[in-house]
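In order, the protein sequence lines correspond to chains A, B, C and D.
Quick note: the first sequence uses our numbering, first residue 3, plus one each step.
Quick note: the second sequence uses our numbering, first residue 3, plus one each step.
Quick note: the third sequence uses our numbering, first residue 3, plus one each step.
Quick note: the fourth sequence uses our numbering, first residue 3, plus one each step.
C-beta atoms are modelled at their ideal positions from N, C-alpha and C, and glycine is treated no differently.
In what follows, a single structure is set out as structure tokens and then discussed.
Protein chains: 4
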Amino acid sequence: VGTLHSKRRQLLPKVKGGTEETTTGVLRLRAMEKDRALKYPIIAVNDAYTKYLFDNRYGTGQSTLDGILRATNILLAGKNFVVCGYGWCGKGIAMRAQGMGASVIVTEVNPLRALEATMNGFRVMPIAEAATIGDIFVTATGDTSIIRKEHMQRMKDGAILANSGHFNVEVNQKDLAEISSRKRNVRPNLDEYTIKNGRALYLLAEGRLVNLAAAEGHPSEVMDMSFANQALCVEYIARNDRMEPKVYEVPKEIDENIAKLKLGSMHIKIDKLTKEQKKYLSTWELGTT
Amino acid sequence: VGTLHSKRRQLLPKVKGGTEETTTGVLRLRAMEKDRALKYPIIAVNDAYTKYLFDNRYGTGQSTLDGILRATNILLAGKNFVVCGYGWCGKGIAMRAQGMGASVIVTEVNPLRALEATMNGFRVMPIAEAATIGDIFVTATGDTSIIRKEHMQRMKDGAILANSGHFNVEVNQKDLAEISSRKRNVRPNLDEYTIKNGRALYLLAEGRLVNLAAAEGHPSEVMDMSFANQALCVEYIARNDRMEPKVYEVPKEIDENIAKLKLGSMHIKIDKLTKEQKKYLSTWELGTT
Amino acid sequence: VGTLHSKRRQLLPKVKGGTEETTTGVLRLRAMEKDRALKYPIIAVNDAYTKYLFDNRYGTGQSTLDGILRATNILLAGKNFVVCGYGWCGKGIAMRAQGMGASVIVTEVNPLRALEATMNGFRVMPIAEAATIGDIFVTATGDTSIIRKEHMQRMKDGAILANSGHFNVEVNQKDLAEISSRKRNVRPNLDEYTIKNGRALYLLAEGRLVNLAAAEGHPSEVMDMSFANQALCVEYIARNDRMEPKVYEVPKEIDENIAKLKLGSMHIKIDKLTKEQKKYLSTWELGTT
Amino acid sequence: VGTLHSKRRQLLPKVKGGTEETTTGVLRLRAMEKDRALKYPIIAVNDAYTKYLFDNRYGTGQSTLDGILRATNILLAGKNFVVCGYGWCGKGIAMRAQGMGASVIVTEVNPLRALEATMNGFRVMPIAEAATIGDIFVTATGDTSIIRKEHMQRMKDGAILANSGHFNVEVNQKDLAEISSRKRNVRPNLDEYTIKNGRALYLLAEGRLVNLAAAEGHPSEVMDMSFANQALCVEYIARNDRMEPKVYEVPKEIDENIAKLKLGSMHIKIDKLTKEQKKYLSTWELGTT
Numbered sequence: 003v004g005t006l007h008s009k010r011r012q013l014l015p016k017v018k019g020g021t022e023e024t025t026t027g028v029l030r031l032r033a034m035e036k037d038r039a040l041k042y043p044i045i046a047v048n049d050a051y052t053k054y055l056f057d058n059r060y061g062t063g064q065s066t067l068d069g070i071l072r073a074t075n076i077l078l079a080g081k082n083f084v085v086c087g088y089g090w091c092g093k094g095i096a097m098r099a100q101g102m103g104a105s106v107i108v109t110e111v112n113p114l115r116a117l118e119a120t121m122n123g124f125r126v127m128p129i130a131e132a133a134t135i136g137d138i139f140v141t142a143t144g145d146t147s148i149i150r151k152e153h154m155q156r157m158k159d160g161a162i163l164a165n166s167g168h169f170n171v172e173v174n175q176k177d178l179a180e181i182s183s184r185k186r187n188v189r190p191n192l193d194e195y196t197i198k199n200g201r202a203l204y205l206l207a208e209g210r211l212v213n214l215a216a217a218e219g220h221p222s223e224v225m226d227m228s229f230a231n232q233a234l235c236v237e238y239i240a241r242n243d244r245m246e247p248k249v250y251e252v253p254k255e256i257d258e259n260i261a262k263l264k265l266g267s268m269h270i271k272i273d274k275l276t277k278e279q280k281k282y283l284s285t286w287e288l289g290t291t
Numbered sequence: 003v004g005t006l007h008s009k010r011r012q013l014l015p016k017v018k019g020g021t022e023e024t025t026t027g028v029l030r031l032r033a034m035e036k037d038r039a040l041k042y043p044i045i046a047v048n049d050a051y052t053k054y055l056f057d058n059r060y061g062t063g064q065s066t067l068d069g070i071l072r073a074t075n076i077l078l079a080g081k082n083f084v085v086c087g088y089g090w091c092g093k094g095i096a097m098r099a100q101g102m103g104a105s106v107i108v109t110e111v112n113p114l115r116a117l118e119a120t121m122n123g124f125r126v127m128p129i130a131e132a133a134t135i136g137d138i139f140v141t142a143t144g145d146t147s148i149i150r151k152e153h154m155q156r157m158k159d160g161a162i163l164a165n166s167g168h169f170n171v172e173v174n175q176k177d178l179a180e181i182s183s184r185k186r187n188v189r190p191n192l193d194e195y196t197i198k199n200g201r202a203l204y205l206l207a208e209g210r211l212v213n214l215a216a217a218e219g220h221p222s223e224v225m226d227m228s229f230a231n232q233a234l235c236v237e238y239i240a241r242n243d244r245m246e247p248k249v250y251e252v253p254k255e256i257d258e259n260i261a262k263l264k265l266g267s268m269h270i271k272i273d274k275l276t277k278e279q280k281k282y283l284s285t286w287e288l289g290t291t
Numbered sequence: 003v004g005t006l007h008s009k010r011r012q013l014l015p016k017v018k019g020g021t022e023e024t025t026t027g028v029l030r031l032r033a034m035e036k037d038r039a040l041k042y043p044i045i046a047v048n049d050a051y052t053k054y055l056f057d058n059r060y061g062t063g064q065s066t067l068d069g070i071l072r073a074t075n076i077l078l079a080g081k082n083f084v085v086c087g088y089g090w091c092g093k094g095i096a097m098r099a100q101g102m103g104a105s106v107i108v109t110e111v112n113p114l115r116a117l118e119a120t121m122n123g124f125r126v127m128p129i130a131e132a133a134t135i136g137d138i139f140v141t142a143t144g145d146t147s148i149i150r151k152e153h154m155q156r157m158k159d160g161a162i163l164a165n166s167g168h169f170n171v172e173v174n175q176k177d178l179a180e181i182s183s184r185k186r187n188v189r190p191n192l193d194e195y196t197i198k199n200g201r202a203l204y205l206l207a208e209g210r211l212v213n214l215a216a217a218e219g220h221p222s223e224v225m226d227m228s229f230a231n232q233a234l235c236v237e238y239i240a241r242n243d244r245m246e247p248k249v250y251e252v253p254k255e256i257d258e259n260i261a262k263l264k265l266g267s268m269h270i271k272i273d274k275l276t277k278e279q280k281k282y283l284s285t286w287e288l289g290t291t
Numbered sequence: 003v004g005t006l007h008s009k010r011r012q013l014l015p016k017v018k019g020g021t022e023e024t025t026t027g028v029l030r031l032r033a034m035e036k037d038r039a040l041k042y043p044i045i046a047v048n049d050a051y052t053k054y055l056f057d058n059r060y061g062t063g064q065s066t067l068d069g070i071l072r073a074t075n076i077l078l079a080g081k082n083f084v085v086c087g088y089g090w091c092g093k094g095i096a097m098r099a100q101g102m103g104a105s106v107i108v109t110e111v112n113p114l115r116a117l118e119a120t121m122n123g124f125r126v127m128p129i130a131e132a133a134t135i136g137d138i139f140v141t142a143t144g145d146t147s148i149i150r151k152e153h154m155q156r157m158k159d160g161a162i163l164a165n166s167g168h169f170n171v172e173v174n175q176k177d178l179a180e181i182s183s184r185k186r187n188v189r190p191n192l193d194e195y196t197i198k199n200g201r202a203l204y205l206l207a208e209g210r211l212v213n214l215a216a217a218e219g220h221p222s223e224v225m226d227m228s229f230a231n232q233a234l235c236v237e238y239i240a241r242n243d244r245m246e247p248k249v250y251e252v253p254k255e256i257d258e259n260i261a262k263l264k265l266g267s268m269h270i271k272i273d274k275l276t277k278e279q280k281k282y283l284s285t286w287e288l289g290t291t
């Protein structure tokens, strides 16, 4: 998109539209739209319910644990499992870690999310406190330096650090190197850092996304819905002659249709509203005005 | 609100503003706003995150099971527990029924919700199919005639019917009376209907909201957040001289502040963004535009 | 049994046999057997798999939470729920409390049970430590003075104390009275004790079994299996002319038959071993000798 | 052991004792004891609580899912996951599969186990019925030909077959070959069989134990307890001069001591009985005789 709008502008007239898969991309495109710089319509596939709700929670949730197991072969049952960040990814990771028998601790900066984590039965506390308790730490915040020197120095011998949220900045590796006297690779994606206090910390996949680096990323059952959004949105653009150069939501019909197709592929049938039910719903809405 | 805007309009000049707790009320007020009939500002407390997210899921979830237990003293473990509707209430009920050892079945008309229920490990099927399997049925749809004659006639002997979603119309009681040869009250909030095919069906609390009728409604830990929204929004209106006669969202600051106060009352501390983290977040957003 | 063996011995010749439902009773009868004082055969129904495994875990598990809800209408989600004792009752209570969204803490004296609780994802710690964290405490140990003065004095304002294990001695009420300046009944089965440090503690059902006192005890789906054991064991004795005056286990056939009948009543079918499978099992056992 | 007792009998006088890790081994040794063929004492490490309870449930439970993920990278959430056999291994697998968001179905031949699975919230049905519903099948029975031709022919396209219980006989591979028109290896440990009805079935790890073949077997946190039993039992034999040539249980003190050491290594503290509690327990037992 960037190239088309800068170096290859002569191609722009031939482009009817596009789609965007990522959060970052959508942010960028909305800024272009605001500046009236966007020259063709784009559908923000990232924001489809069948995309963001499923791949973050179920995809990242499972594949993060998968990555940790492949890198360490550690037993999750009975471990204090610290999830930093309780967005959709964090929710998925926490849910699956509990499902594997771990005792989950959540750290957050947002009080609403912290409260939701609490109500879901997880312990919530500051990272400085969790640092002394945790056996496994996974960051999923989208921010930087979540786990820092002052936390690492208080961790238990053998603590495991992984990131599943963003770039390799959530675990501060400069800090980790600084307080370590030794580093050695134990097995693929598993580096042992000997801290100057004598304890060992284990960093997975060099702090990169552990589900991509140490496992295989999202299962195909999650990606298929993203790709279906891409395909059907491209078709939508192709069939539609009057879209202005804006960022569009995925049409609700496409989103729902993908959910229907997915259910069908799983041999699952659902109900339809009866006439009476449709009428009741509309009467209700009318009735209350 | 209705009276003030119709019979007692002379009082309107003295009213600075108001708040509205319920979904229905908010719908009605938005319609009034649209018609320019609304004469003072109203804050839609119902839509606060600390209101709708917590009372529906955790409040209704728990109190619905509580109502069923008080009315029947049935063992939930091992039962096929059918939840009709997978909105926030249905999500809460399903989660808690599974937590009590039941095997949960969800019925839905919305494919996105149906898919989410599936991914959460619940069986999803049409009500006609669930009717033959379920031991306990709870409706939470906000619509009418969810459980009808054709379903009741296929139910197992001893099946239990309850409603937790809306008025007493979700289980069609006219249908139930029509196919029954006998009705008797077994204990408070528990009526036995002998169907003409010889089987017994049990209706809880005459189809009214089972969590209110047979238990005690939301626990105070849920209501306190709603009331905090009411109080702080009234204060907000009192301190604010320039609100137009519209329906307003609960200010984000109030919503977050309530979550903070709630966490504090539970002795739970959370993190704050460091300067570096704040900068990273803003740089990131800037950087990508 | 006691009367027959002491004051009414003349009736003993007419008694063909008996059954015993409780742990205590079985202990007593085994002692009588040892002393050759037992004059007719007794089947220890208490020890049937279909009795002890189901009523303690599923029956007490559910009904304990039911009792707490009826006595307090408290929200369980987000609470620190302390279970003292991780026998079958404690296991059931812990499982159900987690299922309702609580964060469960287990206290134990037995390291094997403590380890099992840990592996099941619960926090394990001494009661002295749990005392400062817990919102709700339930004892299920079969021993005395589990919660004592020194624990009560460290509890949070508003902590709830209940017993579900044994007589009303697990929460030391003499201690509670001693450190309180005031006691008042708030609602049925809920007494508020104002501790001299100014905090309020709430004792449920006067420390008696909360599932019996504040709820309705085991659901019928649990009791039916106990009673089936009683009935079928009596029949077994009636049909059997050569039983010596000893304490007998419930015959395995009866235990399994009750499980089969129960499954049948729930419309659940299971597999049978094929000829090949039976042969393989026996060959395997033979083959390895 | 076999060699010592047959070809190298001259060494027997020098052997003070031994330990046995496996179920099979223990069975064989008990037979030898019965025949008075056993010439030195053996401690059956397999039967220690800290061995069989933890490695089967937590070890096999986790590593079976790990093996399935490594072999297939399939999403577990929303899948119908069939566990054949509800012994300790099956219990662990079912618990973890539910924890990953699957909807679990259990097949059993034992009605007591079938009932327990039901009460734990799982669907129980014959394998012939589960065959048509399941997405993933895992056998853990210790018997042969659990999944046979007649089941395979009714399975859904894409169904996955794995074994985690015993030798590679639980999924009948002769049957699978017979009804297939084509077999191809898709990726390591994943073979696709094209059934003559056109559907594809996927067999993991050639039907061998999927947790050993496709993952890394039990995590070290499980094995350490087995090895501790080995070591402490050998020490026990070395220090004990009067053991007869029998098969012995692991002394309860050793079993409990290992649990204590394990808890210590996890920084977990537990309570001790007070004097009053010890007295109460003994009085109680005395009192009731």
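Residue i, DSSP secondary structure in three states
i	result
Ser105 (chain D)	strand
Arg156 (chain C)	coil
Phe169 (chain C)	coil
Tyr42 (chain A)	coil
Ala275 (chain B)	It should be pointed out that residue 275 (chain B) corresponds to Leu in this sequence rather than to Ala. Residue state, collapsed to three classes: coil.
Ala133 (chain C)	coil
Arg150 (chain A)	coil
Val140 (chain D)	strand
Own chain, CB closer than 8 Å to residue i, minus 5 neighbours either side, in chain order
i	result
Arg98 (chain A)	Gly63, Gln64, Thr66 and Leu67
Val188 (chain B)	Glu194 and Tyr204
Per-residue burial, residue i [other beta carbons within 10 Å of its own, 16 or more giving buried]
i	result
Val249 (chain C)	buried
Gly200 (chain B)	exposed
Glu172 (chain C)	buried
Asp37 (chain B)	exposed
Neighbourhood of residue i by C-beta distance below 6 Å, restricted to the same chain and skipping five residues each side
i	result
Cys86 (chain D)	Thr109, Thr141, Thr143 and Ile148
Asn174 (chain D)	Ser147 and Arg150
Arg184 (chain B)	Thr196
Tyr88 (chain D)	Val108, Glu110, Arg115 and Ala119
Contact check, residue i vs residue j, beta carbons under 7 Å
i	j	result
Gly136 (chain A)	Asn170 (chain A)	no
Ile256 (chain A)	Leu234 (chain A)	yes
Gly94 (chain B)	Arg59 (chain B)	yes
7 Å CB neighbourhood of residue i in its chain, flanking five on each side removed
i	result
Val17 (chain C)	Leu6 and Tyr42
Ala216 (chain D)	Gly69, Arg72, Ala73, Asn191, Leu206 and Ala207
(message) At 4 residues or longer, what runs of the alpha helix (DSSP H) sit wholly inside the segment 58-98 of chain C?
(response) 63-74
(request) Give, in chain order, every unbroken run of the beta strand (DSSP E) that is at least 3 residues long and sits entirely within the segment 173-241 of chain C. (result) 182-189, 192-197 and 202-206
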